[in-house]
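Enquirer: Chains as they are written, first to last, in the numbering used here: chain A, 1 to 219; chain B, 220 to 438.
Heads up, the beta-carbon is just placed ideally off N, CA and C, and yes, glycines get one too.
Here the structure is a predicted model, which is why all the values come from computation and not from measurement.
Okay, handing you the structure first.
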């Protein structure tokens, strides 16, 4: 029996691509377009899975799984690469964004709190907490959008359709009678006597159940 | 119920068998995706409404800031959507005098996806796990690509309306290419042949107080 190809290598490569592209400053702007790099990484993972599966067509569920795995790998790469870069460069950007938000809030008290919030991000401990929160949010988006990328990848790259699933029975239980019912006679075997022949045990010419006028057995 | 459903699916033949999921799992998946999509789109739309309501409250009673939740909720929502969208105000749809948490094109994609989801059950494909022909997806992405490239290169001036409409076409077309994979994944996890489904349908849950209807022995 031919086994399905492993999803690990496509997920690792797709995840590496999406993690790298999402971590590098300026390049990661692509993610502002509906998580473009994440979708691309998921689609790349499913494309590689299709290439590694010459026997059977890759189902959309497999694409979703490998895309989600790629998103998970990408989030780990973002944790290693992107978070230090975020702390070095992105923290100031985030603080700037919060400053601009505080100006638009139109409430002195809220604006003061946001400015304090922004200063906290620029400090050491607050920055790390913020970076980890960003990573947590990103991980959720990476897995979800990676899965969508995997689904779109299968839709775009998988041309084979209509082939039966691998393995005997396609993963479904073997045919048989419902629970609690005895098995019937094999197909092709008659259940009763052939036409024109009396039932076994009854004398020839006598109806089953006893002679005419007699008491049927069991009464 | 399980057996009759299984026999019906087997009677369809092997090529059709693996294209269908259990209807119950498909409906469950559809409802979950629909709710998530409503929540995702609702969050983007809610941000400007919350901000405007809060601004009106502050204008009416300058001393009453309404608590941190009033301004923290839209701020956090904007930060979350900032991970998937540039949120440039000039390229966004405005509500109550404030931009949405996503740009016009993203809003179009999400809104189109939601509309596609609402229509999807009427196509009769809800329980299918195979994708339609990919040419449909490619064709649906063409208007969005033309609108983006034309606007980016300055060939023509696109508008918020064109960005929303082309996004809606792409988003709506994405439904039949993503839902089969999501249903297939859910079927793998929750269906009678899936890992969780085997536990759910096991004999443990078919006796005594743990009995559930619809299991293999729960008829």
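What does a CB cutoff of less than 6 Å around residue 388 of chain B pick up in its chain, not counting 5 residues either side in sequence?
Expert: Within the same chain, residue 388 of chain B has close Cβ partners 359, 362.
Enquirer: List the whole-angstrom C-beta distance separating residue 141 of chain A from residue 38 of chain A, where the pair is believed to meet the contact cut-off of C-beta under 8 Å.
Expert: Contact holds; Cβ gap of about 7 Å.
Enquirer: Considering only residues of the same chain and omitting the five flanking positions on each side of residue 87 of chain A, which have a CB-CB separation below 6 Å?
Expert: Hits under 6 Å: 127, 131.
Enquirer: For residue 55 of chain A, does the three-state DSSP call read helix, strand or coil?
Expert: The answer is coil: DSSP assigns residue 55 of chain A none of H, G, I, E or B.
Enquirer: Assuming residue 349 of chain B and residue 241 of chain B make a contact with CB atoms under 8 Å, what is their CB distance in whole Å?
Expert: Between residue 241 of chain B and residue 349 of chain B the Cβ distance is about 15 Å, and since that is not below 8 Å, they are no contact.
Enquirer: Please list, in chain order, all residues of the same chain as residue 195 of chain A whose beta carbon is under 7 Å from its beta carbon, the five residues on each side excluded.
Expert: In this predicted model, residue 195 of chain A has a pLDDT of only 49, less than 50, meaning its place in the structure is not dependable enough to derive any value.
Enquirer: If we ignore side chains and look at the alpha-carbon of each, how far apart do residue 11 of chain A and residue 278 of chain B end up?
Expert: So the two alpha carbons sit approximately 52 Å from each other.
Enquirer: May I ask you to report which of helix, strand or coil DSSP gives residue 253 of chain B?
Expert: Residue 253 of chain B falls in the helix class under three-state DSSP.
Enquirer: Please confirm whether residue 148 of chain A has its beta-carbon closer than 9 Å to some beta-carbon of chain B.
Expert: Yes - at least one Cβ of chain B is within 9 Å of the one on residue 148 of chain A.
Enquirer: Going by DSSP in three states, residue 26 of chain A sits in which element: helix, strand or coil?
Expert: Correct three-state label for residue 26 of chain A: coil.
Enquirer: Is the beta carbon of residue 327 of chain B less than 9 Å from the beta carbon of residue 383 of chain B?
Expert: Taking 9 Å as the Cβ cut-off, residue 327 of chain B and residue 383 of chain B qualify as a contacting pair.
Enquirer: To which residues does DSSP link residue 314 of chain B through a beta bridge?
Expert: Answer by DSSP bridge pairing, in chain order: B/317.
Enquirer: Exposed or buried, what is residue 319 of chain B when buried is set at 16 or more other beta-carbons lying within 10 Å of its beta-carbon?
Expert: The residue in question, residue 319 of chain B, is buried, as its Cβ has 16 or more Cβ neighbours within 10 Å.
Enquirer: Assess contact between the stretch 71-87 of chain A and the stretch 6-26 of chain A, defined as three or more Cβ pairs (one per stretch) separated by less than 8 Å. Is contact present?
Expert: Verdict: yes, contact present.
Enquirer: Can you tell me whether residue 159 of chain A is buried or exposed? The criterion is at least 16 other CB atoms within 10 Å of its CB, across all chains shown.
Expert: Exposed is the call here.
Enquirer: Check distances from the C-beta atoms of the stretch 315-343 of chain B to those of chain A and list, in chain order, the residues that come in under 7 Å.
Expert: Those would be 325, 328, in chain order.
Enquirer: Note down, in chain order, every chain A residue with its Cβ under 9 Å from the Cβ of residue 396 of chain B.
Expert: Going along chain A in sequence order, the residues near residue 396 of chain B (Cβ under 9 Å) are 60, 151, 152, 154, 155, 156.
Enquirer: Counting only the same chain and skipping the five closest in sequence on each side, list residues whose C-beta sits under 7 Å from that of residue 248 of chain B.
Expert: So the qualifying residues of the chain are 401, 402, 405.
Enquirer: How long is the line joining the alpha carbons of residue 351 of chain B and residue 115 of chain A, rounded to whole angstroms?
Expert: Cα to Cα, the separation comes out at about 51 Å.
Enquirer: Quick check on residue 82 of chain A: buried or exposed, where buried means 16 or more other Cβ atoms within 10 Å of its Cβ?
Expert: Counting Cβ neighbours within 10 Å, residue 82 of chain A comes out buried, since at least 16 surround it.
Enquirer: Per DSSP, what kind of secondary structure is residue 35 of chain A in: helix, strand or coil?
Expert: If DSSP states are grouped into helix, strand and coil, residue 35 of chain A belongs with coil.
Enquirer: Determine the direct distance from the alpha carbon of residue 315 of chain B to that of residue 20 of chain A, and round the result to whole angstroms.
Expert: Spanning the two alpha carbons is a distance of roughly 39 Å.
Enquirer: Going along the chain, which residues of its own chain have a beta-carbon closer than 8 Å to the beta-carbon of residue 28 of chain A, five neighbours each way excluded?
Expert: Here the set comprises 21, 22, 37, 82.
Enquirer: Is residue 112 of chain A helix, strand or coil when you go by DSSP?
Expert: Correct three-state label for residue 112 of chain A: helix.
Enquirer: Is the beta carbon of residue 296 of chain B less than 9 Å from the beta carbon of residue 269 of chain B?
Expert: Cβ distance < 9 Å, so residue 296 of chain B and residue 269 of chain B count as in contact.
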